[in-house]
Amino acid sequence: MKFVAADTGGALLTEDYEPVGLIATAAVLVEKPYRTATLSAVRYADPFNYDMSGRQAVRDEAFLAVELAREVKPDVIHLDSTIGGIEVRKLDEPTIDALTITDRGKEVWKDLAKDLQPLAKKFWEETGIEIIAIGKWSVPVRIAEIYSGIYTAKWAIDYARENGKVMVGLPRYMKVEIKPGQIYGESLDPREGGLFGEIEADTDGIGWELYPNPLVRRYMVLEVWRE
Amino acid sequence: MKFVAADTGGALLTEDYEPVGLIATAAVLVEKPYRTATLSAVRYADPFNYDMSGRQAVRDEAFLAVELAREVKPDVIHLDSTIGGIEVRKLDEPTIDALTITDRGKEVWKDLAKDLQPLAKKFWEETGIEIIAIGKWSVPVRIAEIYSGIYTAKWAIDYARENGKVMVGLPRYMKVEIKPGQIYGESLDPREGGLFGEIEADTDGIGWELYPNPLVRRYMVLEVWRE
Amino acid sequence: MKFVAADTGGALLTEDYEPVGLIATAAVLVEKPYRTATLSAVRYADPFNYDMSGRQAVRDEAFLAVELAREVKPDVIHLDSTIGGIEVRKLDEPTIDALTITDRGKEVWKDLAKDLQPLAKKFWEETGIEIIAIGKWSVPVRIAEIYSGIYTAKWAIDYARENGKVMVGLPRYMKVEIKPGQIYGESLDPREGGLFGEIEADTDGIGWELYPNPLVRRYMVLEVWRE
Ligand SMILES: [Mg+2]
Ligand SMILES: [Mg+2]
Ligand SMILES: [Mg+2]
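Here's what the structure looks like:
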């Protein structure tokens, strides 16, 4: 099977490891054996001006995933929202009310559905491809999360080149390595069966260090500086 | 201490990674240092005709565990049902009603207890060995789960020999390796301290591939085919 | 940033792997890159006479952490109680009632606050250093937990020298290695990013074995004996 999935991750951090805003939405094409992406795309947010309610992330993810899916024609699109794998084109008010999620989650989805339900319906009518909200069960979503961390490292390199230095927080239990001409990332959870990713990037003249975020167990901090 | 434990796992999958039914109930004898089994037994189910309510699995496990325990005389038998480590011979209606589990779980256990309470009582009277429902806390139960995955790989080899090819899903975060004359399996969770298993099997003329199930994070798929 | 944290762990076990009482409270100084302690201190409890209600542990931890903090002047002190990172000096009755924790947790904290709120207030007035109850989110607390396991191994060596042999349970998913002149310990969870610790100890004439606790998945047992 061919999957397209999207997720948002990576946060700009203050000197005290407090998150300022999110950095990267990544969409990925994932094919058998489902351990990495065969294609990826990114859209950067402005972490200095970020809506942390969760609405911006899912909306960005849906639009970026559809953009990639138009190109690569997957069997299905996976979004990072854990509401039982329901098809997004079917998310009308009564359906959202019937979901077994929190009242706050229902409010967020009623708001989101205004944009995403028509998007999903139109895309399905044109292509037959469903967008489903499967969230944490999906391996393609986790691979998208790893790519969001890899692209966050790329953003950090560019930011450090301009501003001297920067600290970013990676998505949950993953690490990155900045190598000559490329950025490699992988899951730190061996139970996931070896998920990883890699992108090309100009990494010249950059120093970096990776270490555990002392305030958020199982999350790593990446520091990048101009050398 | 000497433990006997049993668990059921491994699922026949469709081409779309949907489970059809469970495959193998394994019972194991586990002795110090509690990392693998010193003896194992299997009973195969018919995955094409499987009761997914959870009753069939626990019942099969109890009977297979007692069969092995008659032979090896353990100190205690562990079943994979997390209801506080209670002795199964004591499970009458008022005791089940007092458990802090879901109403659905109580219904399942009231039904199960009809067969298993007398089995446990008789076995205890004859041997002094208790059967306890300890579930996820038990390392012997996890070793039984790993063996159910290893026997699932054996079933897949036999099925592929007859039918050309097959896809099965392994129990949670474990992998298998099909080697000449044997099947090896191990936990992918290093927090468990190195749990593994091995059985002998005719593995000639068989090809195989292991990869993450894209729809169920932390579960692996095994494909086996006739070469 | 510089952190001081404290935690209690390690349990004396019976031959049947049942816990008798806790063994070691460790306080640690943790500095960037936050993977181990640059300084540690221990206070041993009497496991044969231990209050398992959770009060003794947190109280011992707070006093030992303050003692170490007076010496090393950290930016903040982390305690192993997961109540949202609240400052302990602010824990009066209405604040405790407003916490989103169990009623039992509120009772424990109302009792604890009698000693710890004045301790925290006085220490903050003298030094400007806050004591916060951050618990499971804190990496320094996890490092303190790993040191409590390492000091538990040291206690077991001393106990075995006097009494011949002993079995202890380590804190969650960690292992220890007894080497010539030192005890090394590390997390078994790679998602934590490589947390470890080491202390010097007289390890002559001692045999040991480490294996999974069969009754508590993801916890290891250490046996130590006089050779
Ligand atoms: Mg997300
Ligand atoms: Mg089971
Ligand atoms: Mg603790």
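Chains A, B and C are the protein sequences, given in the same order. Just so you know, numbering that gives the first Met the number 0 puts 93 at position 94 of the first sequence, and the rest follows in order with no gaps. Just so you know, numbering that gives the first Met the number 0 puts 115 at position 116 of the second sequence, and the rest follows in order with no gaps. Just so you know, numbering that gives the first Met the number 0 puts 205 at position 206 of the third sequence, and the rest follows in order with no gaps. Backbone N, C-alpha and C define an ideal beta-carbon position, used for all residues, glycine too. As the structure is a computational prediction, the values presented were derived from the model and not from experiment.
Less than 8 Å separating the beta-carbons of residue i and residue j?
i               : j               : result
M173 of chain B : L12 of chain B  : no
A4 of chain A   : I22 of chain A  : no
P139 of chain C : F2 of chain C   : yes
A36 of chain C  : I128 of chain C : no
A255 of chain C : L78 of chain C  : Here chain C comprises residues numbered 0 to 226, so residue 255 of chain C is not present and cannot be evaluated.
I177 of chain C : A152 of chain C : yes
Y183 of chain A : P32 of chain C  : no
R54 of chain A  : L111 of chain A : yes
R225 of chain C : G163 of chain C : yes
I85 of chain C  : A143 of chain C : no
G148 of chain C : G8 of chain C   : yes
G134 of chain A : R34 of chain A  : no
V57 of chain B  : L28 of chain B  : no
E191 of chain C : R141 of chain C : yes
L115 of chain B : S137 of chain A : no
From the DSSP secondary-structure annotation, give me the bridge partner or partners of residue i.
i               : result
L28 of chain A  : A:V3, A:L38
E176 of chain B : B:Y183
L214 of chain C : DSSP output for L214 of chain C lists no bridge partner at all.
G168 of chain B : B:A10, B:V220
P18 of chain C  : C:L12
E129 of chain C : C:V75
E208 of chain A : A:E222
E86 of chain B  : B:I131
G196 of chain B : B:G184
Y150 of chain A : Per DSSP, none; premise fails for Y150 of chain A.
Using the Cβ count rule (16 or more neighbours within 10 Å means buried), how would you classify residue i?
i               : result
D6 of chain C   : buried
S39 of chain C  : buried
A155 of chain C : buried
P73 of chain A  : buried
M219 of chain A : buried
F122 of chain A : buried
D96 of chain B  : exposed
D188 of chain B : buried
S52 of chain B  : exposed
E185 of chain B : buried
P117 of chain A : exposed
Given that residue i touches chain C, what residues does it touch there, using C-beta distances under 8 Å?
i               : result
R141 of chain B : R216
V87 of chain B  : Those within 8 Å of V87 of chain B in chain C number zero; the least Cβ separation is about 17 Å.
Looking only at its chain, what residues have a beta carbon closer than 8 Å to the beta carbon of residue i, apart from the 5 residues adjacent to it on each side?
i               : result
G201 of chain B : As written in the sequence, residue 201 of chain B is Asp, which differs from the Gly given in the question. Cβ neighbours of D201 of chain B beyond the five flanking positions: I156, G180.
E14 of chain C  : M166
W108 of chain A : S80, I82, L90, I95, L98, I100
Y158 of chain C : V165, V223
T126 of chain B : A68, R69, K72
I145 of chain C : P170, M173, G184, E185, S186, L194, F195, G196
I205 of chain C : I156, A159, R160, I177, V223, W224, R225, E226
Here's a check: name, in chain order, each residue in its chain whose Cβ is nearer than 6 Å to the Cβ of residue i, leaving out the five neighbours to either side.
i               : result
A10 of chain B  : P18, L21, G168
Y150 of chain C : A23, A25, V41
A119 of chain C : V87, R88, I130
R216 of chain B : none
E222 of chain C : M166, E208
Y49 of chain A  : G20, L21
P93 of chain C  : none
V65 of chain A  : F122
E30 of chain C  : K1, T37
Just to confirm my understanding: we take residue i, look at its own chain, exclude 5 residues before and 5 after, and list those with CB closer than 7 Å. What are they?
i               : result
N212 of chain B : Y16, G168, Y218, M219, V220
V75 of chain B  : F2, I128, E129, I131
T47 of chain C  : Residue identity differs from the one stated: residue 47 of chain C is Phe in this sequence, not Thr. Here the set comprises V19, G20.
R160 of chain C : R225
Starting from the beta carbon of residue i, find every residue of chain A whose beta carbon is closer than 8 Å, and list them in chain order.
i               : result
K135 of chain C : R216
M0 of chain C   : D15, Y16, P213
P179 of chain C : The contacting residues do not exist; P179 of chain C stays about 29 Å from chain A at best.
What residues from chain B crowd round residue i, counting only those whose CB sits closer than 8 Å?
i               : result
E208 of chain C : P32
M219 of chain C : G192
List, in chain order, every chain A residue whose beta-carbon is nearer than 7 Å to that of residue i.
i              : result
G83 of chain C : The premise fails here: G83 of chain C is roughly 13 Å from chain A at the closest Cβ pair, so nothing lies under 7 Å.
Residues of chain B with CB closer than 9 Å to the CB of residue i, please, in chain order.
i               : result
P170 of chain A : By Cβ distance, chain B contributes nothing, its closest Cβ being about 14 Å from P170 of chain A, past 9 Å.
Which residues in chain A sit within 9 Å of residue i, going by Cβ to Cβ distance?
i              : result
V29 of chain C : P213
Show which residues of chain B have a CB atom less than 7 Å away from the CB atom of residue i.
i               : result
P117 of chain C : Per Cβ cutoff of 7 Å: no residues; P117 of chain C is ~37 Å from chain B at best.
Does the beta carbon of residue i come closer than 8 Å to any beta carbon on chain E?
i               : result
P189 of chain B : Among the protein chains of the structure shown, namely A, B and C, there is no chain E.
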